[in-house]
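My numbering applies: residue 1 is where the sequence shown begins, and numbers increase by one.
C-beta atoms are modelled at their ideal positions from N, C-alpha and C, and glycine is treated no differently.
To start, the structure under review is shown below, and the notes come after it.
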Amino acid sequence: MRLQGSGVSAANAADTGASASSHRDRRIVVTAVGVTQIFAWGSSYYLPAVLAKPIAAETGWSLTFVIGGLSLGLVVAGLASPMVGRTIERFGGRPVLAISAVLLAIGLLILSVAGSLLVYLGAWLVLGLGMGAGLYDPAFATLGRLYGQAARPAITAVTLFGGFASTVCWPLSAFLEAKLGWRETCVIYAMLQLLMALPAHIWALPREESAKGLGPGNAGAAAPVADGRSGVGIFVLLATVITLGSVLSTVISVHLLTVLQARGIALAAAVGLGALVGPSQVGARTIEMFVARFHHPIWTKLVSTFCVALGLLLLWNGIPIISIALVFYGAGIGLESIARGTLPLAIFGAAHYPAIMGRIARPSLLAQAVAPTIAAALIEAVGIDGMLAALVFAAIGNTVLTALLFLLLRSRFPPFP
């Protein structure tokens, strides 16, 4: 049994064996999934960043509970993820992503009329189901089921679109809230889900019968390349490094401005520095798109963990040029999103990829739900520097575990690229 390679041969087969129309169809699929990812993230995960304070101000609810709605949604998404993965494996991603748009729309509409905290939290229960069925992991699973081992370029392209979610939706949310109010903003996002995302999923994605990962030029749903005891060990290690990466990115995304202000940086300047993270993500993903054919995804994961660890270490040390730390960190989490989708596909093959992605998503999303609260408690207990020290320790540990995964793969599945 051997480890699947970097996907070079599969990609070449796709290039030479598929017709011009199939290439066009693939571009349509990737564009549709990518654009809908922008608004799936923007109308759920990134929504409280802009609307939490206006919601709390109007309703009088505690800001902690308002932001806690997102944590509740992430818990629901994590619990639902294995079922979502199995459903995509059985029926394809088209119905699942379409249902996710409907769920997000329903959740947003409930949110828009919430008159009590109970109804507000109920809206996040529905939004959590929508996130579990419609964010990166289900999108990656859909592409893996469609294109098999040749899905790697498509996954990378979708992360490029997704990298613009906060860039597009934070200003849009702020504009809509200022002009119309937070309730009307939720209604508009709900309409985008129903009138843009839902038709895009139904129209652009192939029906179930053609979604086998066995189309012309696709490296189809090959048997898993890591199974038995070795497969379990590799899966646990893989899920651990992906979960740690998610925790680090979630904590920094929530507390970055607090960290920068603790370094004596004014709020306006901190916001400007924080804006470096997004372009760094997109830049790293763009480079990966051009060089991915030359290496296995484990290298992408290794570089991502190293960059995140280096960025956090520099931030902890309080280097004079904070921007350098944020560029390294942004590049690292940008590559992390790609490795999250491509590494499981390369290790385990395409046959059960959707179900595997669902199993990986559960601990990751559950950890993301509680990580910001734990980080806030650390800040209160040991200060910003103590919290950053814990993050640096976790990031270095994640790099070591990823290196261990690399060595494990190389020793058990030679030859290894």
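Assumed close pair residue i, residue j - CB separation to whole angstroms, cut-off 8 Å
i, j, result
"S304", "L257", "With a Cβ gap of about 23 Å, S304 and L257 do not count as contacting."
"S62", "L127", "Actually they are not in contact, since the Cβ atoms of S62 and L127 sit about 19 Å apart, beyond 8 Å."
"A101", "L194", "7 Å"
"V33", "A139", "5 Å"
"I384", "V259", "6 Å"
"A52", "V66", "5 Å"
"R26", "R207", "So it is not a contact: roughly 16 Å between Cβ atoms."
"S71", "R362", "Actually they are not in contact, since the Cβ atoms of S71 and R362 sit about 15 Å apart, beyond 8 Å."
"L378", "A390", "6 Å"
"Q149", "A339", "The pair is not a contact, with the Cβ atoms about 15 Å apart (cut-off 8 Å)."
"Y136", "G330", "Going by Cβ atoms, the distance from Y136 to G330 rounds to 17 Å, so no, they are not a contact pair."
"V119", "I110", "7 Å"
"S166", "Y353", "The pair is not a contact, with the Cβ atoms about 27 Å apart (cut-off 8 Å)."
"R152", "G92", "With a Cβ gap of about 19 Å, R152 and G92 do not count as contacting."
Beta-bridge pairing of residue i - partner residues as DSSP gives them
i, result
"G130", "Answer is none; G130 lacks a bridge partner."
CB of residue i within 9 Å of CB of residue j, strictly
i, j, result
"L125", "V50", "no"
"A157", "L104", "no"
"L409", "I347", "yes"
"G332", "L365", "no"
"G278", "F164", "yes"
"G73", "C169", "no"
"L343", "L205", "no"
"P54", "W182", "yes"
"A98", "I265", "no"
"I298", "L405", "yes"
"V96", "A133", "yes"
"I155", "L143", "yes"
"G68", "L121", "yes"
"V241", "K301", "yes"
"V251", "W316", "no"
Residue range of the unbroken alpha helix (DSSP H) whose run includes residue i
i, result
"Y329", "322-348"
"Q368", "353-412"
"L195", "L195 -> no alpha helix (DSSP H), and no H or E assigned at all."
"G311", "297-317"
"I67", "63-91"
"A52", "47-59"
"G272", "267-274"
"G278", "277-291"
"P171", "165-179"
Closer than 8 Å: residue i CB and nearest the ligand GDP heavy atom
i, result
"T87", "What this structure holds is no ligand at all, so the ligand GDP is not there to describe."
Touch test, the segment 269-288 against the segment 323-331, Cβ-Cβ under 8 Å, three pairs minimum: yes
How do the segment 356-373 and the segment 192-207 stand: do at least 3 beta-carbon pairs fall below 8 Å, yes or no? no
Segment contact flag, the segment 79-95 with the segment 346-361, C-beta cutoff 8 Å, min 3 pairs: yes
Please determine if the segment 280-290 and the segment 144-160 are in contact, where contact requires at least 3 C-beta pairs separated by less than 8 Å. yes
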